[in-house]
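Novice: So that we are looking at the same thing, I have put the structure below in structure tokens.
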Amino acid sequence: MNIIRAIDHEDMACKAANLIAAQVLIKPKSILGLATGSTPLGVYARLILKQRAAEVSFAAVKSVNLDEYCGIAASDETSYRYYMNHNLFDQIDIDPANTYLPDGMAADFDAECARYDHVIEELGGVDLQLLGIGMNGHIGFNEPCDHFKMGTHCVQLTQSTREANAIYFSRGMEDMPSFALTMGMRPIMQAKRVLLVAGANKKEVIAQALEGPVTPRVPASILQLHPRLTVVYCEQ
Ligand code: PGA
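Under the working numbering, the first residue of the sequence shown is numbered 74, with each subsequent residue one higher.
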């Protein structure tokens, strides 16, 4: 495990963006596993600047995102598809057809989960997986539970996750979805490299995840078993 300490949020975003850009420079056809939430926003802003400055190109990159809310249409600005388009894809030279997210509007979630696992498999797995971490230790929407779930699955979001993310919905908890589709642990653990970014507000959960027992009660703790984990952690 490689822990990189950042002095502030900007430094964290800069360090993480440098690692992602380096991955794409070394392998232009990289498969990037991407994440949503507030923490990666600065990372994406820096990647956009790097692409505009022709320091890196995403023209040959393909991406798979971790998760999507159930029942939220891609066109809705609270969907993760909208987030990704708005905060990254529309502003870089990636081919939109090469960007994948689970479909939260699918009629059959079991079939959609199987389809998404197949998409990841067909891509040949993830080269670099970017992750944030929830206050409860979730990665993607792999919420604390009794066992690590390996494949893409439909998950009931915990109260803590719903409360944390309700701020993005105009009517707060009233509009906040209760279910989501999330990539499971298999593609994350099989990713060649994992890059976890966390702000100072995640201090306690980062300590639990990286220094405590490996347990599905703290889903990110499984990352202790990943051979190439880099954590960019911001101390303030
Ligand atoms: P945040 O979310 O970056 O908005 O804190 C991270 C997560 O829940 O995975």
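Ideal Cβ positions, reconstructed from N, Cα and C, are used throughout, including at glycine.
In whole angstroms, what separates the C-alpha of Ile-76 from that of Ser-130?
Specialist: Position 3 of the sequence shown, counted from the first residue, corresponds to residue 76. Position 57 of the sequence shown, counted from the first residue, corresponds to residue 130. One C-alpha to the other measures close to 27 Å.
Novice: Could you check the C-alpha separation between Tyr-173 and Arg-78 for me, to the nearest Å?
Specialist: Residue mapping note: residue 173 aligns to position 100 of the sequence shown, counting from 1. Residue mapping note: residue 78 aligns to position 5 of the sequence shown, counting from 1. Spanning the two alpha carbons is a distance of roughly 31 Å.
Novice: Within 10 angstroms of its Cβ, does Asp-183 collect 16 or more other Cβ (buried), or is it exposed?
Specialist: Working through the sequence shown from its first residue, we reach residue 183 at position 110. Answer is exposed; the Cβ neighbour count stays below 16.
Novice: Count the other CB atoms within 10 Å of the CB of Gln-202; is the residue buried (16 or more) or exposed (fewer)?
Specialist: Along the sequence shown, read from residue 1 onward, the residue named residue 202 stands at position 129. So Gln-202 counts as buried.
Novice: At what residues does the beta strand (DSSP E) containing Glu-141 begin and finish?
Specialist: Your numbering for residue 141 matches position 68 in the sequence shown. Taken as a continuous stretch (DSSP letters only), the beta strand (DSSP E) holding Glu-141 covers 140-142.
Novice: Please go through the same chain and pick out, in chain order, the residues whose beta-carbon is closer than 6 Å to the beta-carbon of Ala-146, but skip the five residues on each side of it.
Specialist: As a first step, residue 146 must be located in the sequence shown, where it is residue number 73. Met-178.
Novice: Buried or exposed: where does Asn-215 fall if 16 or more other Cβ atoms within 10 Å of its Cβ makes it buried?
Specialist: Here residue 215 refers to the residue found at position 142 of the sequence shown. Buried is the call here.
Novice: Assuming Gly-106 contacts Glu-83 under a Cβ cut-off of 8 Å, what Cβ separation, rounded to an integer in Å, is found between them?
Specialist: Translated into the one-based positions of the sequence shown, residue 106 becomes position 33. Translated into the one-based positions of the sequence shown, residue 83 becomes position 10. In fact, because the Cβ distance is near 23 Å, the residues do not count as touching under 8 Å.
Novice: If Pro-217 and Pro-292 are in contact, beta carbons under 8 Å, what's the gap, nearest whole angstrom?
Specialist: Walking along the sequence shown from the start, residue 217 turns up at place 144. Walking along the sequence shown from the start, residue 292 turns up at place 219. Rounded, the Cβ-Cβ distance is 6 Å, consistent with contact.
Novice: Hey, which residues come within less than 5 Å of the ligand PGA, measuring from Cβ to any heavy atom, in chain order?
Specialist: This criterion selects Gly-110, Ser-111, Thr-112, Gly-205, Gly-207.
Novice: Pair every Cβ in the segment 187-202 with every Cβ in the segment 97-104, then say whether three or more of these pairs are closer than 8 Å.
Specialist: Cβ pair count under 8 Å is three or more, so yes.
Novice: Which of helix, strand or coil does DSSP assign to Gln-229?
Specialist: Here residue 229 refers to the residue found at position 156 of the sequence shown. Strand.
Novice: Can you give me the Cβ contacts of Asp-176 inside the same chain, cut-off strictly under 6 Å, excluding the 5 residues immediately before and after it?
Specialist: Taking the first residue of the sequence shown as 1, we reach residue 176 at position 103. Closer than 6 Å at the Cβ level, and outside the excluded window around Asp-176, lie Glu-185.
Novice: Just curious, the beta strand (DSSP E) that Arg-78 is in, first and last residue?
Specialist: Within the sequence shown, the letter at position 5 stands for residue 78. It spans 75-79 - the beta strand (DSSP E) in which Arg-78 sits, taken as one unbroken run.
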